[in-house]
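Student: Numbering (this note's numbering), first residue to last: 80 to 225. Yeah, the Cβ is synthetic: ideal placement off N, Cα and C, and Gly gets one too. Note that the coordinates shown come from a computational prediction; the quantities given were computed from them, not determined experimentally. Handing you a structure now.
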């Protein structure tokens with residue numbers, strides 16, 4: 080009976096130490112990967128920003144005010160990784176020219192964990208938007224001031 084208690088005690092100690100390591104592991108985001116696929120050669124204008132303020136108003140609308148951004152004209156497919164270790168936030172807006180409508184697949188991961196995986200259309204008058212801020216929840220109804 081004594082060897083069983085010793086084995087059980089050691090097993091309990093090892094499992095407690097391993098569980099404690101996960102508790103103290105830093106869960107803050109480091110990298111966000113963004114991929115958009117669609118008709119090869121199609122052009123999409125993408126706005127990237129980590130300098131913004133976002134909040135949800137009384138009506139349930141998420142309002143985003145962007146202070147600084149980078150606008151990039153991409154040729155599909157897009158596959159990029161963005162460092163968010165300092166800001167812990169990211170706003171992405173994709174839009175097409177006034178004469179285009181594109182069917183696209185979008186995947187967004189934070190440190191390998193899937194945040195978004197969807198398919199849809201990009202319309203000229205309705206930009207696609209993605210908003211991430213560590214430990215914050217927002218609604219799907221997003222209004223943006225750039």
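Do the region 123-143 and the region 203-216 touch if we need at least three Cβ pairs shorter than 8 Å?
Tutor: In short, these stretches touch, since the Cβ pair count reaches three.
Student: For a test of the three-state rule: what should DSSP assign to residue 155, helix, strand or coil?
Tutor: Counted from its first residue, the chain shown places residue 155 at position 76. Three-state result, residue 155: coil.
Student: Whole-angstrom Cβ separation of residue 149 and residue 127, contact assumed at under 8 Å?
Tutor: The sequence position of residue 149 within the chain shown is 70, counting from 1. The sequence position of residue 127 within the chain shown is 48, counting from 1. Confirmed, about 5 Å.
Student: Nearest to residue 110 by alpha carbon, out of 224, 223 and 211?
Tutor: Within the chain shown, residue 110 is the residue found at index 31, counting from 1. Minimum Cα distance to residue 110 is reached at 211.
Student: Using only CA atoms, which one of 129, 181, 207 and 199 lies nearest to residue 167?
Tutor: Reading the chain shown from its first residue, position 88 is the one you call residue 167. Of the candidates 129, 181, 207 and 199, the one whose C-alpha sits nearest the C-alpha of residue 167 is 129.
Student: By DSSP, does residue 215 sit in helix, in strand, or in coil?
Tutor: As a working note, residue 215 is residue 136 in the chain shown. In the structure shown, residue 215 sits in coil (DSSP, three-state: anything other than H, G, I, E or B).
Student: Measuring alpha carbon to alpha carbon, tell me which of 201, 113 and 208 ends up nearest residue 158.
Tutor: What you label residue 158 is simply residue 79 of the chain shown in a count that begins at 1. It is 113.
Student: Let me confirm a value: residue 62 is counted as buried when at least 16 other C-beta atoms fall within 10 Å, else exposed. Which label applies?
Tutor: Examination of residue 62 is not possible in this model, given that the chain is present from 80 through 225 alone.
Student: Is it buried or exposed for residue 185, if we count other Cβ within 10 angstroms and need 16 for buried?
Tutor: Start at 1 with the first residue of the chain shown, and residue 185 comes out as number 106. With 16 or more Cβ atoms within 10 Å of its Cβ, residue 185 is classed as buried.
Student: Tell me which same chain residues have a C-beta within less than 6 Å of the C-beta of residue 207, skipping the five on either side of it?
Tutor: Here residue 207 is taken as the residue at index 128 of the chain shown, counted from 1. The answer, listed in chain order, is 173 and 201.
Student: Would you kindly check if the distance between the Cβ of residue 155 and the Cβ of residue 199 is under 7 Å?
Tutor: To locate residue 199, count along the chain shown from 1; it is residue 120. To locate residue 155, count along the chain shown from 1; it is residue 76. Their beta carbons are not under 7 Å apart, which means residue 199 does not touch residue 155 by this criterion.
Student: Using only the alpha-carbon positions, how far apart do residue 176 and residue 165 sit?
Tutor: Looking up residue 176 in the chain shown gives position 97. Looking up residue 165 in the chain shown gives position 86. Spanning the two alpha carbons is a distance of roughly 33 Å.
Student: Looking at the structure shown, is residue 187 part of a helix, part of a strand, or coil, going by DSSP?
Tutor: The residue labelled residue 187 in the question sits at position 108 within the chain shown. Taken through DSSP and simplified to helix, strand or coil, residue 187 comes out as strand.
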